[in-house]
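Visitor: Per this note's numbering, residue 1339 is the first one in the sequence shown, and the count goes up by one each step. Think of the CB as a built atom: it goes at the ideal place given N, C-alpha and C, for glycine as much as any other residue.
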Amino acid sequence: MDATYQDHGIQFRYPDDWELGEQQEADQFSVTVTSPTTAFWTLSLFNSCPEPDDVIESVLDAFHEEYDEMDEYPTTARVARRPTVGRDIDFVCLNTMNFAAVRSFRTRQFTAMVLFQLNESEREDLEPILEQITRSLSCAGASTDAAEDDDEFTADAAGLLGLEIDADEDD
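1. Compute the Euclidean distance between the alpha carbons of residue 1400 and residue 1453, then round it to the nearest angstrom.
2. Between which two residues does the beta strand (DSSP E) harbouring residue 1378 extend?
3. Identify whether residue 1472 lies in helix, strand or coil by the three-state DSSP scheme.
4. May I have the straight-line CA-CA distance separating residue 1355 from residue 1468, to the nearest angstrom?
5. Here's the rule: buried if 16 or more other CB atoms are within 10 angstroms of the residue's CB, otherwise exposed. What is residue 1359?
6. Are residue 1435 and residue 1458 closer than 8 Å when you measure CB to CB?
7. Relative to the ligand FAD, is the shortest distance from any of its heavy atoms to the C-beta of residue 1436 smaller than 7 Å?
8. The alpha helix (DSSP H) spanning residue 1398 covers which residue range?
9. How long is the line joining the alpha carbons of residue 1430 and residue 1393, rounded to whole angstroms?
10. Rounded to the nearest angstrom, how far is the Cβ of residue 1455 from that of residue 1378, given a contact under 8 Å?
11. What did DSSP end up calling residue 1373 once you bin it into helix, strand or coil?
12. Return the first residue and the last residue of the beta strand (DSSP E) that residue 1447 is part of.
13. State whether the region 1443-1453 contacts the region 1371-1385, with contact taken as three or more CB pairs (one from each stretch) at a distance under 8 Å.
14. For residue 1444, which residues in the same chain have their Cβ closer than 7 Å to its Cβ, ignoring the five residues on either side in sequence?
Structure (structure tokens):
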């Protein structure tokens, strides 16, 4: 992970040979990194702060509408040190098995949604990279206390450098 994105109060690392794109709409900002193959990772920020459950339901509705063969599995993964509402999704497209992961959480400034997707032939090589991108995500203002925000960025920066620091996990 040689490239770092930092803007809109978020930061994450991604491979420098992946293409980065941004999209701004009235109430939503999205940033996507795309692999040289078909895998991609997207972070969307919703300024209206919808419920994370509602964001996930919208994504699931879109997948159900698009794909006849689809299974979904609840997950309790954490993103940016926050509990999330999430689903892992297996679906068939063009006779190929595909996998997507969607996670959503809310901060004081926005509701965030992470979505990544890849096909079965890429999974062994690229799923760990997509998960690393997700784990590297940090959000300014993601906690309810400004001091905790500083602690989060300190912990995230230390993690990026491979350093261990004593951080309180109870925020």
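Guide: Quick answer:
1. Each residue's alpha carbon lies about 13 Å from the other.
2. Segment 1378-1384, the beta strand (DSSP E) holding residue 1378.
3. DSSP places residue 1472 in helix when its eight states are reduced to three.
4. Straight through space, the alpha carbons of residue 1468 and residue 1355 are spaced by roughly 14 Å.
5. Counting Cβ neighbours within 10 Å, residue 1359 comes out exposed, since fewer than 16 surround it.
6. The beta carbons of residue 1435 and residue 1458 sit closer together than 8 Å.
7. Ligands in the displayed structure: none, and consequently the ligand FAD is not present.
8. Unbroken alpha helix (DSSP H) run through residue 1398: 1390-1404.
9. Roughly 22 Å between the two C-alpha positions.
10. Contact flag correct, Cβ pair sits at about 6 Å.
11. In the structure shown, residue 1373 sits in coil (DSSP, three-state: anything other than H, G, I, E or B).
12. Unbroken run through residue 1447: none, as it is neither H nor E.
13. Per the Cβ contact rule, the region 1443-1453 is in contact with the region 1371-1385 (3 or more Cβ pairs under 8 Å).
14. Cβ within range, chain order: 1387 and 1390.
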